[in-house]
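Below is one structure; the comments refer to it alone.
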Amino acid sequence: MNDLHADYVAPSRMDRAFNNAVAWLTGKGVSLAGTRVLTVIGRKSGKPYSIPVNPLEIDGVEYLVSVRGVTDWVRNVRASGTATLSLGRRSTAVTLTEVPVERRAPILAVYLKKWGWEVGRFIPDGIDVHADVDELARHAGKIPVFAVG
Numbered sequence: 376m377n378d379l380h381a382d383y384v385a386p387s388r389m390d391r392a393f394n395n396a397v398a399w400l401t402g403k404g405v406s407l408a409g410t411r412v413l414t415v416i417g418r419k420s421g422k423p424y425s426i427p428v429n430p431l432e433i434d435g436v437e438y439l440v441s442v443r444g445v446t447d448w449v450r451n452v453r454a455s456g457t458a459t460l461s462l463g464r465r466s467t468a469v470t471l472t473e474v475p476v477e478r479r480a481p482i483l484a485v486y487l488k489k490w491g492w493e494v495g496r497f498i499p500d501g502i503d504v505h506a507d508v509d510e511l512a513r514h515a516g517k518i519p520v521f522a523v524g
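Going by my numbering, the first residue of the sequence shown is number 376, and it counts up by one from there.
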C-alpha cells in the first residue's frame with residue numbers, strides 16, 4: 376500500500392454488494408436508519424460516482440464521516456467541494472467543507488456511538504468504536520469529516 380492510500384480501508388466484495396443494495400434501496404426512497412446516497416463528480420474522469428452515506432446531525436449541523444479513511448469520494452470532494460445527497464427522487468446539491476482535524480474528535484465520538492454497530496469494522500487500525508474523545512483526537516487525522524452546507 377502506498378502513502379496515498381495509507382489511511383484507507385478497502386471494501387471487500389461483500390461490502391461492495393451491501394453498499395450497492397443500500398444505495399439501490401435509498402435510491403428508491405427507502406432510508407435505512409437515515410442513509411442517503413452521496414454523488415460526487417470524479418476529479419479525473421468527470422463521471423458521477425455514488426455511494427451510500429450515514430449523515431449525522433449535531434446541533435443543527437449535518438456531517439459526513441468517511442470511516443474508511445481517505446476514499447475516492449473524499450478525494451473527489453476535496454477537489455470540488457460539492458456533491459449531491461439523495462433519497463429517492465429528492466436530491467439536494469450541497470457544499471462539503473472539511474472539518475479541521477482538531478475539531479473532529481467530538482463528532483467522531485457521536486458518529487461512532489450512533490453508527491459504530493455498522494461501520495466499526497471499517498475504521499482504521501488503532502481506533503475502537505468505544506474510544507473516548509481523547510483517544511479519537513489522537514487518530515482524528517485518519518478519518519475525514521465534512522460539514523454539509
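Glycine included, each C-beta is placed from N, C-alpha and C at the ideal position.
>> Buried or exposed, going by whether 16 or more other CB atoms sit within 10 Å of the CB of R388?
In response: Exposed: under 16 other Cβ atoms inside 10 Å.
> Cβ of A338 within 8 angstroms of Cβ of V508?
Replying inline: The structure shown has nothing for residue 338, since the chain only spans 376 to 524.
> Just checking my contact of I498 with V442 at CB under 8 angstroms: how many whole Å lie between their CB atoms?
Replying inline: 5 angstroms
> Of the residues R464, K419, K422, E432, which one's Cα is nearest the Cα of V412?
Replying inline: R464
>> Within 10 Å of its beta-carbon, does P519 have 16 or more other beta-carbons around it, so buried, or fewer, so exposed?
In response: So P519 counts as buried.
>> If you follow the alpha helix (DSSP H) that P330 is in, where does it begin and where does it stop?
In response: Only positions 376 to 524 of the chain appear in the structure, and residue 330 is not among them; the question remains open.
>> Distance check for V445 and E510, CA to CA, integer angstroms please.
In response: Annotation: E510 to V445 spans about 20 angstroms, alpha carbon to alpha carbon.
>> Considering only their Cβ atoms, is the gap separating A515 from V476 smaller than 8 angstroms?
In response: yes
> Name the DSSP beta bridge partners of R411, please?
Replying inline: V428
>> Taking its Cβ as the centre, do 16 or more other Cβ atoms sit within 10 Å of K419, making it buried, or is it exposed?
In response: exposed
> Taking the alpha-carbon positions, what's the H490 to G421 distance?
Replying inline: Per the sequence shown, residue 490 should be read as Trp rather than His. Whole-angstrom Cα-Cα distance: 31 angstroms.
> Name the DSSP beta bridge partners of S466, please?
Replying inline: BP columns for S466 point to S461.
> For P430, which option in H505, V469, R496, A512 has the closest C-alpha, if you only look at C-alpha atoms?
Replying inline: V469
> Would K488 be called buried (16 or more neighbouring beta carbons within 10 Å of its own) or exposed?
Replying inline: With fewer than 16 Cβ atoms within 10 Å of its Cβ, K488 is classed as exposed.
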